[in-house]
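See structure below.
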Amino acid sequence: MNKVLNWLFFRESKGQSSGPTLNQFFDEQVVPYLNAKSPDNTIISIFNNNIRYEIGSVQLVDLANQDLDRWIAGQRKKGLKPGTINKHIFAINRVIGLAKRWSFLPPHSAHLEELEPLRLGDYAQRFLSEDEIQTLLTECAKSDHPYLSLFVRFLLLTGARNSEARLAKWQHIDVEKKLWIVPKSKNGRSRRIILNSAALQVLRDIKLQDVNYHPHTDNLAYLFTNPQTQKPYDNFYNAWYKVRDRAGLENLRFHDLRHTYASHLINQGVSLYEVQTLLGHSSLQMTQRYAHLQPNLLQQHTEIMSNILKR
């Protein structure tokens, strides 16, 4: 509470309203907090692009369920998919949760409740065939982006999430042990990613590419460092959209490369439990989405007993 009182006193001393708007609370309280926790400012990006100009001018204490409902309706009207809207819902819920935790809002308020995620229906999966993979990689090689081709190959070979690869640091790569340690994954825990021989070659190719775009390659912290900012890329989307469209793979997402990694492992006989470990899923239930790929393998396994009885 002292933090809130000191902050309100500061604003009053500046002749500002004692009641912050949602934007003011976010900029002055939430942004420093998020930046201190992680360099991946997904929530900040979502807020700036999808919340700030819609409901950000509302006084924080006046923000109500009706405002959030109208905001959701506006998201739908824009044609955004439920999965995308749910990411935005997560962001606004995080901001509201922090406001309550820090006593800017009462902890329990009937007029302002956190939003429930939208129903997604059946989980839509997309994974690439071997021919589609080769077509995609061929188009990536033609891209004028210095690192897109290497980035895509790295995702396909490791099953890593987009953000994990984009923010990967050299200090977390152990070439001798063929391991990549992700210090904080999506579920909040660190995880180990096994690097196969082709992934290790991609790392060597990144080093070679660095020589062409960075004057001091020894000082690079991130695998995929933007030559203009010397920081990790914010995203690869502009180059990605061009490449996937040329490859005839419209609507393909980076996350679908992770599905591709998993599906091809399962089709080669890798168990769901092993795929769960390789993907870093916190529960086997998350990996069950790939179970439909196993019928033929299960049929082969059932023949084990058949062959025994034939002896």
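For the sequence shown, this note's numbering gives the first residue as 105, with consecutive numbering after it. Cβ coordinates follow ideal geometry from the N, Cα and C atoms, glycine included.
| request: Going by CA-CA distance only, name the one from Thr146, Ala140, Glu158 that's closest to Asn127. | output: Glu158
| query | Assuming Thr125 contacts Gln163 under a Cβ cut-off of 8 Å, what Cβ separation, rounded to an integer in Å, is found between them? | reply | 6 Å
| query | Rounded to whole angstroms, how far is the Cβ of Gly263 from the Cβ of Leu382, which I believe are closer than 8 Å? | reply | 6 Å
| said: Taking the alpha carbon of Gln313 as the reference point, which residue from Ile237, Ser301, Pro331, Arg296 has its own alpha carbon closest? | reply: Pro331
| With DSSP run on the structure shown, which of helix, strand or coil describes Arg350? | helix
| said: So that I know if they touch, is there some Cβ in chain D lying closer than 8 Å to that of Asn127? | reply: Of the protein chains in the structure, only one exists, and it is not chain D.
| task | Look up Leu283 in the DSSP assignment and say whether it is helix, strand or coil. | result | strand
| field | Between the CA atoms of Ile189 and Ile176 - distance to the nearest angstrom | value | 8 Å
| message | Which same chain residues end up closer than 8 Å to Arg156 when comparing Cβ atoms and leaving out the 5 residues on each side of it in sequence? | response | Asn127, Phe130
| 8 Å Cβ cutoff met for Val286 and Ile297 | yes
| query | So Leu361 packs on Val256, CB below 8 Å; how close in whole Å? | reply | 7 Å
| query | Just curious, the alpha helix (DSSP H) that Ile310 is in, first and last residue? | reply | 301-317
| With burial defined as no fewer than 16 other Cβ atoms inside 10 Å of the residue's Cβ, what is the status of Pro336: buried or exposed? | buried
| message | Does the stretch 183-201 come into contact with the stretch 368-378, if we say contact requires no fewer than three beta-carbon pairs (one atom in each stretch) closer than 8 Å? | response | no
| task | Would you identify the three-state DSSP class for Tyr326, choosing helix, strand or coil? | result | strand
| Contacts around Ser253, its chain only, beta-carbon distance under 8 Å, and the 5 residues preceding and following it disregarded | Leu241, Cys244, Ala245, Ser247
| query | Which first and last residues belong to the alpha helix (DSSP H) in which Arg270 is found? | reply | 266-270
| request: Write down the C-beta distance between Val199 and Val134 rounded to the nearest angstrom, noting that I regard them as a contact closer than 8 Å. | output: 6 Å
| To the nearest angstrom, how far is it from the Cα of Arg270 to the Cα of Tyr326? | 8 Å
| DSSP state of Asp278, grouped into three classes? | strand
| said: My parser needs the alpha helix (DSSP H) runs of 4 or more residues fully inside the stretch 150-210; what are they? | reply: 156-159, 169-181, 186-205
| field | Cut-off 7 Å between Cβ atoms - residues of its own chain near Ile148, not counting five sequence neighbours on either side | value | Val135, Leu138
| said: Considering only their Cβ atoms, is the gap separating Leu259 from Lys282 smaller than 8 Å? | reply: no
| query | Grouping DSSP H, G and I as helix and E and B as strand, with all else coil, what is Arg223? | reply | coil
| said: Taking DSSP's pairing of strands, which residues face Thr125 in a bridge? | reply: Gln163
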